[in-house]
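Some notes on the structure that comes next.
Chains as they are written, first to last, in this note's numbering: chain Y, 14 to 124; chain E, 336 to 452.
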């Protein structure tokens, strides 16, 4: 089954404790992206990757890092999480950016 | 810079009635436009897209959208709403090479559709 998986689905952590949210897709898509969803703001792009070792900033990259060492994986790293990074995070992949496949989401709470 | 506006936070419609969810966009050049739907506790699902060609595009679950270049709009429509259509709907635009956002999707804030029995 074609899918995008994210782990963990729920995470509660404390300010400053480094964390990684994993994202994996099994569709051999070149394009992958991370978004955060906040009420009233819709989805905002954090980072995206056009292919292995090719990443670029989206609209809200501050406080986040990504890497793309394999085509199927695109982890999101928060080196020092802060409360303003409490949000719902989605990973997505796409063959051509015309139809993105989204993961189920990761709800992150930073206290 | 490209942007998307969804002017209604919520749309209420009775089951069986037609529905419209509005979207306007701002982008230099010819836009690529999309609609996605989010059901509760789920990720977003692709509904339909406009790239070029016929201004009326058809998508999943009986939805369609009309591209209007003069009004810079891309409204989502369905002739007869179902209770199961109740969800959060997002309009998105892909930037053009001219606008510098070709590899990015910009999403609107979302419109919650509530279909009442």
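We treat Cβ as the ideally placed atom computed from N, Cα and C, and that holds for glycine.
Within its own chain, the residues whose Cβ lies closer than 8 Å to the Cβ of residue 348 of chain E, once the five positions on either side in sequence are excluded, are 354, 416, 448, 449, 450 and 451, listed in chain order.
Contacts with chain Y at 8 Å (Cβ-Cβ) include residue 438 of chain E.
If you draw a straight line from the Cα of residue 391 of chain E to the Cα of residue 70 of chain Y, it comes to about 33 Å.
Rounded to whole angstroms, the separation of the alpha carbons of residue 381 of chain E and residue 19 of chain Y is 18 Å. Collapsing the DSSP output to three states places residue 365 of chain E in coil. Here residue 385 of chain E is buried, its C-beta having at least 16 other C-beta atoms within 10 Å. The straight-line gap separating the alpha-carbon atoms of residue 373 of chain E and residue 29 of chain Y is approximately 31 Å. With its beta carbon at least 8 Å from every one in chain Y, residue 411 of chain E lies outside the interface.
Below the 9 Å Cβ cutoff, chain E contributes 369, 381 and 384 as neighbours of residue 112 of chain Y, in chain order. Following the DSSP letters along the chain, one finds residue 28 of chain Y in no beta strand (DSSP E), marked with neither H nor E. The criterion of a C-beta distance shorter than 8 Å is not satisfied by residue 89 of chain Y and residue 98 of chain Y. Taking 8 Å as the Cβ-Cβ cut-off, the region 413-426 of chain E approaches chain Y at 425, given in chain order. In this chain, the beta strand (DSSP E) harbouring residue 20 of chain Y covers 17-20. Contact with chain Y is found for residue 378 of chain E, since one of that chain's Cβ atoms lies less than 8 Å from the residue's Cβ. Within the region 366-391 of chain E, no run of alpha helix (DSSP H) at least 4 residues long lies entirely inside it.
About 17 Å separates the CB atoms of residue 17 of chain Y and residue 80 of chain Y; that is not less than 8 Å, and the two are not in contact. For residue 338 of chain E, the enclosing beta strand (DSSP E) starts and ends at 338-340.
Within chain E, no residue has its beta carbon less than 7 Å from that of residue 87 of chain Y; the closest one is some 14 Å off.
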